[in-house]
Amino acid sequence: SSDLKATCIVTVPDTSTSSAECLPNPSEDVWFEARDWSPDGLWLVGNPSLHGGAVLPDLLLWSFEESEYWSIEQARGLVARWMPDSRSLLMFDEESRLVLVDRGTGTARDVGPIEGRGTVDKEQLGLSRDGRTALIQADSLEANIWLLSPPDEADDP
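The numbering of the sequence shown is the numbering used here, which starts it at 661 and goes up by one.
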């Protein structure tokens, strides 16, 4: 059907022409929604998405060398970022814990709680180039209170 989605890799050359190659979909009713490219350029990480729009929390990898998908079943979440070694991924799991996932073994190691930061937005995760600092977004647990006083009647024109 023409309304099916796919992830495509576009080659951007130095000339005026470019080429695009679309990855095969993991299955008939699911397409691969790529989220991040590994630093070594050999892997993509993302999630399977239903053609109807729902994103599944399963973690999928695309190997350019093997031209196939790898599923990491021990880790589930919507956004993963590659570490500089191209072997590990940093992500929020379904319980909003920050975890480091090993691509080879699929094991996830808890990095530690994000204490006192409110509700973490699991779809927002940035990583510094050296992999030592992560950028997260969270709702504050504190309430901001603004004190407003009505204008004095004498101030009315």
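From the three backbone atoms N, C-alpha and C, an ideal C-beta is built for every residue, glycine too.
Computed from a predicted structure; not experimentally measured.
Can you check DSSP and say which residues form a bridge with F724? Here residue 724 refers to the residue found at position 64 of the sequence shown. In the DSSP assignment, no residue is bridged to F724.
Three-pair Cβ contact test at 8 Å for the segment 724-731 versus the segment 741-754: Under the Cβ criterion (8 Å, minimum of three pairs), the segment 724-731 does not count as touching the segment 741-754.
Run through DSSP, which three-state label would R870 get? The displayed coordinates of the chain run from 661 to 817. Any statement about residue 870 would go beyond what the structure contains.
Beta carbon of P708 nearer than 9 Å to that of P686: Counted from its first residue, the sequence shown places residue 708 at position 48. Counted from its first residue, the sequence shown places residue 686 at position 26. Yes. Within cutoff.
First and last residue of the beta strand (DSSP E) that includes L738? Here residue 738 refers to the residue found at position 78 of the sequence shown. Element bounds for L738: n/a, residue is neither H nor E.
Below 8 Å on the Cβ atoms is my contact criterion, and I expect R736 with P717 to pass it. Report the Cβ-Cβ distance as a whole number of Å. Position 76 of the sequence shown, counted from the start, is the residue given in the question as residue 736. Position 57 of the sequence shown, counted from the start, is the residue given in the question as residue 717. About 4 Å; that satisfies the 8 Å criterion.
Can you check whether the CB of T779 is closer than 9 Å to the CB of A603? The displayed coordinates of the chain run from 661 to 817. Any statement about residue 603 would go beyond what the structure contains.
Could you name the residues that DSSP lists as bridge partners for T671? Against the sequence shown, residue 671 aligns to sequence position 11. DSSP output for T671 lists S679 as bridge partner(s).
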